[in-house]
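Top line first, the protein sequences correspond to chains A and B. Numbering-wise (the numbering used here), the first sequence opens with residue 4 and increments by one. Numbering-wise (the numbering used here), the second sequence opens with residue 128 and increments by one. All C-beta atoms, glycine included, are put in the ideal place defined by N, C-alpha and C. The structure appears right after this line, and notes come after that.
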Amino acid sequence: MMLSRTADHLYWMSRYLERAENLARLLDVSFSLALLPQSKNGARSEISAPLVITEMLEEYNRKHDELTPEKLLDFVALDRSNPASIVSCIRQARENAHAVRGKITAEMWENINATWIEAREYAAKGIDNVGAFFDWVKERSHLFRGVTYGTILRGDAYSFIRLGTFIERADNTARLLDVKAHLLQSDEAASASDYYAWSALLKALSAYEAYLEIYRDAVTARQVTEMLILSPRLPRSLRACLEAICKILAQLEGDNGRLAQRDAAALLAELKFASVDEILDEGLHDYLAECLIDINGLGDRIYQAYLKAA
Amino acid sequence: MHRIEPPAASIYDEMLASDLAVRPHYDEFLRWLNQQSAETLSQRRQEAELLFHRVGITFAVYGDDNDAERLIPFDTIPRILPADEWQRLEAGLRQRVAALNAFLHDIYHDGHILKAGLIPAEQVLANAQYQTAMRGVNLPHGIYSHISGVDVIRHNDGDCYVLEDNLRVPSGVSYMLENRKMMMRLFPELFARHAVAPVEHYPSLLLDTLRHATFADNPTVVVLTPGHYNSAYFEHAFLAQQMGVELVEGRDLFVRNDRVFMRTTAGHKQVDVIYRRVDDNFLDPLAFRSDSSLGVPGLLAAYRAGNVILANAIGTGVADDKSIYPYVPDMVRFYLDEEPLLKNVPTWQCRKPADLSHVLANLDDLVVKEVHGAGGYGMLIGPKASRAEIAEFRCRIIADPANYIAQPTLALSTCPTFVEEGIAPRHIDLRPFVLAGKEVKIVPGGLARVALQRGSLVVNSSQGGGTKDAWVLEA
Chain A
4 MMLSRTADHL YWMSRYLERA ENLARLLDVS FSLALLPQSK NGARSEISAP LVITEMLEEY
64 NRKHDELTPE KLLDFVALDR SNPASIVSCI RQARENAHAV RGKITAEMWE NINATWIEAR
124 EYAAKGIDNV GAFFDWVKER SHLFRGVTYG TILRGDAYSF IRLGTFIERA DNTARLLDVK
184 AHLLQSDEAA SASDYYAWSA LLKALSAYEA YLEIYRDAVT ARQVTEMLIL SPRLPRSLRA
244 CLEAICKILA QLEGDNGRLA QRDAAALLAE LKFASVDEIL DEGLHDYLAE CLIDINGLGD
304 RIYQAYLKAA
Chain B
128 MHRIEPPAAS IYDEMLASDL AVRPHYDEFL RWLNQQSAET LSQRRQEAEL LFHRVGITFA
188 VYGDDNDAER LIPFDTIPRI LPADEWQRLE AGLRQRVAAL NAFLHDIYHD GHILKAGLIP
248 AEQVLANAQY QTAMRGVNLP HGIYSHISGV DVIRHNDGDC YVLEDNLRVP SGVSYMLENR
308 KMMMRLFPEL FARHAVAPVE HYPSLLLDTL RHATFADNPT VVVLTPGHYN SAYFEHAFLA
368 QQMGVELVEG RDLFVRNDRV FMRTTAGHKQ VDVIYRRVDD NFLDPLAFRS DSSLGVPGLL
428 AAYRAGNVIL ANAIGTGVAD DKSIYPYVPD MVRFYLDEEP LLKNVPTWQC RKPADLSHVL
488 ANLDDLVVKE VHGAGGYGML IGPKASRAEI AEFRCRIIAD PANYIAQPTL ALSTCPTFVE
548 EGIAPRHIDL RPFVLAGKEV KIVPGGLARV ALQRGSLVVN SSQGGGTKDA WVLEA
């Protein structure tokens, strides 16, 4: 049992941090793809992909009149006036932690506060090594998760923190996969650049090693899709996220959560019994769009059941 | 050997006597200090700053930009009090807080002290801090001020004087605790060489005090904060965590059938004791300021019905008001039939014609304060003010004499402090925290504040003051 508002802050603290991490992953994959030799148009679509899938394109166009990698990096990573940038996400994660600092361990607080202090310095000074910056974001997120895992009491606080992580991660994995969905629609035979694109996606999701272990095969769109959506063993797959969510919801005290549990279970059942061929027949992009709506709906149920203060 | 700038001749220094001999209770500390290289000391000071930033022990300057959070400067030379001196101070504090609680009970019930003519009734009853809603309300054990922060200074006669009794929502105790933690982290060897009385158990004493403030069995205690943009938010969160109770905001609570509940993930839960860090006027929009979103509608009704306890009680401000301050020694005599152990600073009340003419004739030497002012604002320090400032204050006093009191300019004692030029004397005070529950408890020491500007007498953190660890040496 805990204050609804406290649960809300804990949930958003971890959602924002997970979002910052996934934004870094997303930029990482886009930047490495943009380095591949290809047509000029292709490069531009790689670069704009992060804006499209995070729904920041309109805001970007309001501020900038041309799309360059430098401006995009600044806007998505560092721009403090862009509420969806990595630095803004870290700021909001830290703000939420600040509001409940008594409910997290001192080490968790010091960790996330230090992350914010360093993020502020990045925002002030700029990024000179893109790769090192992405690694830094991921590392800070890993560290916070590690400190959380290693120090916090197992109870509702821990549950809401993890709930935020998995809801956000499910959403982000679906969006990241969507970056590549359009490649499938262009009915071409697997070209070398496709191969690199899917490999880059796997690497951005830290899933390359897992892929090799599961499939022991060259990287193909079908298998990547299958793993990222349906694998119960890959910690960033949609199915793994939903399994975690169902387990956490079942542990929460009180009986407010019936509807949230029902929706989560339905979503999980769908993933459990789906096949990748069905998904590809339906069209990956459409399938993922559906998933995003469902995940969003589940988030709303959780809000209604536990987090609403008034 | 580090050079320590000698204190001014007319000032009492906590470390150095007038012949510059080291006072015995600083002997060991100074021996240690002289074994440390300047580099080591400066390194430790930087370490302290870094740690405070990381831990986020900042106080927010109002506004929502995080960059505005800053540190209260921390000085690594402690204020040290010998055991016997602390015992005298402690006895005086217990006596004073007991009298103030008796006074609050009295003025919200029969008003014996007013009938006896010791304090003019209109000064109490017409005081802006007097809450008529509290008349006839019976509180468990008659305690109004559960937590008091009494500001004590030492004058150049070597005696301690009470400058202010803070009975509303006194803050600063978290700095006392964090300063001690920091000193132990930076200089563990110092604590091996001194028997410093511990303060770390304050949160558990506070929780005991709050639990005893109600007759309810196994009460649910919460800390009520205005929210994380409040300048003292760190302290609210810190105390809630240390006590293991919920930190709530007004919107987390609601009142039904004159009972207070909080909204939780598992439904509603009744609250029995609220350690509120929200001022009276913002507690209940139905009873006080209707524009307040920090409070809980209906809270006053629940409180008056006896279904929830507020700590401190509503309406304690009338007893720490500067216009009532001059009467505290009389309260001690009246309620306890004892002679006051702690001195009051002599105070002229400008509402009295004779006092007023004395004040106006001596503005150059006096400190003039607004009766409802706090935090070092709205005051004139005669010896440090310009002619123009004095002239302006003179007009303000004449326009509204009852709004002002005046006191002699006290020579606050100094304590050697690290400043840019090296180690130099700076003026300090001490705020011990007095907990009134089943019994009165005080952790040894308190928050030592220091005015970092040379010659400045204003120790408030909002005006550039810093803090020190305060040590009471065990006998």
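Per-residue burial, Y329/B [other beta carbons within 10 Å of its own, 16 or more giving buried]: The residue in question, Y329/B, is buried, as its Cβ has 16 or more Cβ neighbours within 10 Å.
Minimum Cβ-Cβ distance from H12/A to chain B less than 7 Å: Taking Cβ atoms only, chain B never reaches closer than 7 Å to H12/A, which makes this a no.
In chain order, each beta strand (DSSP E) run of at least 3 residues that lies wholly inside the region 243-307 of chain B: Correct list: 274-281 and 287-293.
Rounded separation between D464/B and D447/B - CA only: Cα to Cα, D464/B sits roughly 21 Å from D447/B.
Min CB distance T352/B to chain A below 7 Å: Output row for T352/B: interface = no.
Member of G149/A, R94/A and A37/A whose CA lies at the smallest distance from the CA of T71/A: Just measuring C-alpha positions, the residue of G149/A, R94/A and A37/A sitting nearest T71/A is A37/A.
Beta-carbon proximity check, M5/A vs T203/B, cutoff 7 Å: Contact: no.
Residue-level contact to chain A via CB, L374/B, 7 Å cutoff: Yes, L374/B lies at the interface with chain A (some Cβ there is under 7 Å from its Cβ).
Three-state class that DSSP yields for F388/B in the structure shown: Note: F388/B maps to strand in three-state DSSP.
Through-space distance from L241/A to P235/A, alpha-carbon basis: When the Cα atoms are used, P235/A and L241/A turn out to be separated by approximately 8 Å.
Contact between the region 332-350 of chain B and the region 386-400 of chain B (3+ Cβ pairs under 8 Å): Touching, yes.
Cβ-Cβ separation, R404/B to V296/B (assumed contact under 8 Å), whole Å: Sure, about 5 Å apart at Cβ, within 8 Å.
Nearest to A225/B (by Cα), restricted to the options Y430/B, A322/B and S275/B: Looking at the Cα atoms, S275/B is the closest of the given residues.
Given R383/B as reference, the closest of P453/B, Q162/B, E155/B and A432/B once Cα atoms are compared: Checked all of P453/B, Q162/B, E155/B and A432/B; the closest Cα to R383/B is A432/B.
Selection of the region 384-415 of chain B by Cβ proximity to chain A, strictly under 8 Å: Flagged, chain order: M389, R390, T391, T392, A393, G394 and K396.
Assigned secondary structure, G354/B (DSSP; H/G/I helix, E/B strand, else coil): When DSSP states are grouped into helix, strand and coil, G354/B belongs to the coil group.
For Q397/B, the three-state DSSP class (helix, strand or coil): Residue state, collapsed to three classes: strand.
Per DSSP, the bridge partner or partners of N471/B: Paired residues: V289/B.
Three-state secondary structure assigned by DSSP to E132/B: Three-state DSSP puts E132/B in coil, outside helix and strand.
Reduced DSSP category for G505/B - H, G, I as helix; E, B as strand; rest coil: Correct three-state label for G505/B: coil.
For Y402/B: DSSP bridge partner residues: Looking at the DSSP assignment, Y402/B forms a beta bridge with V350/B and A438/B.
V188/B burial status per 10 Å Cβ neighbour count (16 or more: buried): Per-residue confidence for V188/B stands at a pLDDT of 45, beneath the threshold of 50, marking its modelled position as unreliable; no derived number is given.
Which of helix, strand or coil DSSP assigns to K511/B: The answer is helix: DSSP assigns K511/B an H, G or I state.
Own chain residues within Cβ distance below 7 Å of A102/A, not counting five before or after: The residues are H12.
Which residues DSSP lists as bridging E534/B, in chain order: One detail in the question is off: residue 534/B reads as Gln in this sequence, not Glu. The partner list for Q534/B (beta bridge, DSSP) reads V494/B.
Residues near I508/B in its chain [Cβ-Cβ closer than 6 Å; skip 5 each side]: The residues are V494.
Boundaries of the beta strand (DSSP E) in which F461/B is found, first to last residue: No beta strand (DSSP E) contains F461/B, which DSSP labels as neither H nor E.
Sequence-distant residues of the same chain with beta carbon closer than 8 Å to M506/B, five excluded per side: For M506/B, where only same-chain residues beyond five positions count, the Cβ hits under 8 Å are V494, V495, K496, E497 and G500.
DSSP-derived helix/strand/coil call for V149/B: Reduced to three states, the DSSP call for V149/B is strand.
First and last residue of the uninterrupted beta strand (DSSP E) at P205/B: Where P205/B is concerned, the enclosing beta strand (DSSP E) stretches over F201 to L208.
Beta-carbon proximity check, G591/B vs V577/B, cutoff 7 Å: Between G591/B and V577/B, the C-beta spacing is not below 7 Å.
Unbroken alpha helix (DSSP H) run spanning L160/B, endpoints: Looking at the DSSP string, the run of the alpha helix (DSSP H) that includes L160/B is D154 to Q162.
Cβ of Q258/B within 7 Å of any chain A Cβ: For Q258/B, the answer is no, since every Cβ of chain A falls outside 7 Å of its Cβ.
C-beta atoms of A364/B and L374/B nearer than 7 Å: At a Cβ-Cβ threshold of 7 Å, A364/B and L374/B count as neighbours.
Proximal residues, the region 205-235 of chain A versus chain B, C-beta separation under 7 Å: For the region 205-235 of chain A, the beta-carbon criterion of a distance under 7 Å to any beta-carbon of chain B is satisfied by none of its residues.
Alpha carbon of V150/A to alpha carbon of E110/A, nearest angstrom: Between the C-alpha atoms of V150/A and E110/A there is a straight-line separation of about 7 Å.
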